[in-house]
Amino acid sequence: MTDGSMHADYARGRDAEGRGARAELVYRYRFRALAAIRSAPMLRGGRLLDLGAAEGRTLGEMMRLGGPAQAVGVEISADLVELASRLGFPVIAGDVQDLPPEIRARRFDVVTAMAVLEHLPDPAAALRSAFEVLAPGGRLIASAPSPFWDRLAGASGIHKEQAHHVHEVDGAFFRRQASEAGFVRIRTRPFMFVGTAFLPYLGLVPPVELAQRLEAPFSRFPFSPLFINQLFIADRP
């Protein structure tokens, strides 16, 4: 769809017979979740909001690994919200660019937006929403695919989600939008090494903990073409 949101057929493809059984997608949501919690130590015992939570599997993994006291996700697709309910994940319906009143009334220690900003017509609005609901000293963790690898994966047909991407989000794009929203200490690092990221497509699934340890020495180079994803971190003063 032109607005980047997930249509019903796509949502059905994320059900237990689709997304839950596809090794490469399971690997991706686990990898993102682990990267997020390692960047947000304040999550343990804190309050977590996951923007664009889809069917809640990444949220569930962050809850399992990160130990927040409270957690909720917001998702615009009714199909995915219904699926999250069936899977037992706390996801409510809403637009991350204009959060529901019950979410805006709360404050969170960590807000995540994993593989979300590239889908949104107005990612700046989502960043403003995140800033609004973060408690002072809270942290935003976001991710987006590397534009180079995203284009390559879309052209090759490997990554069908690329058809739903509205924006190419890189470090400069995120820093500009996050700064305008009021965030400080904005930083970017690459993650998901290309050499291991494509193994699940071949039926080989490395443990995400091991994969992240192996890539750590290389992630110090912020624009390395060896990584297919980017992690963005920003703090609320």
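Numbering-wise, the sequence shown is residues 0 to 236 according to numbering that gives the first Met the number 0.
All residues carry an ideal CB built from backbone N, CA and C; glycine is no exception.
> Would DSSP call SER128 helix, strand or coil?
Replying inline: helix
> Taking one C-beta from the region 130-143 and one from the region 105-115 each time, how about it: are there three or more such pairs within less than 8 Å?
Replying inline: yes
> Smallest Cα separation from ILE75: which of ALA22, ARG235, ASP94?
Replying inline: ASP94
>> Our contact map puts ASP49 next to ARG138 with C-beta atoms below 8 Å; I'd like the distance itself, whole angstroms only.
In response: In fact, because the Cβ distance is near 13 Å, the residues do not count as touching under 8 Å.
>> On a Cα-Cα basis, can you pick out the residue from GLU214, THR57, LEU225, ARG127 that is closest to ARG175?
In response: ARG127
> Assuming ALA83 contacts GLN211 under a Cβ cut-off of 8 Å, what Cβ separation, rounded to an integer in Å, is found between them?
Replying inline: Not confirmed; about 26 Å, so no contact.
> Comparing alpha-carbon positions, which option in ARG184, ALA215, ALA134 lies nearest GLY45?
Replying inline: ALA134
> What is the rounded straight-line gap between the Cα of ALA180 and the Cα of THR195?
Replying inline: 34 Å
> CA-CA distance, ASP108 and ALA70?
Replying inline: 10 Å
> Can you name, in chain order, every residue of its own chain whose Cβ lies under 6 Å from the Cβ of ARG18, other than the five neighbours on each side?
Replying inline: Confidence in ARG18 is poor, its pLDDT being 48 and thus under 50, which makes the residue's placement too unreliable to answer from.
> Which of helix, strand or coil does DSSP assign to PHE147?
Replying inline: helix
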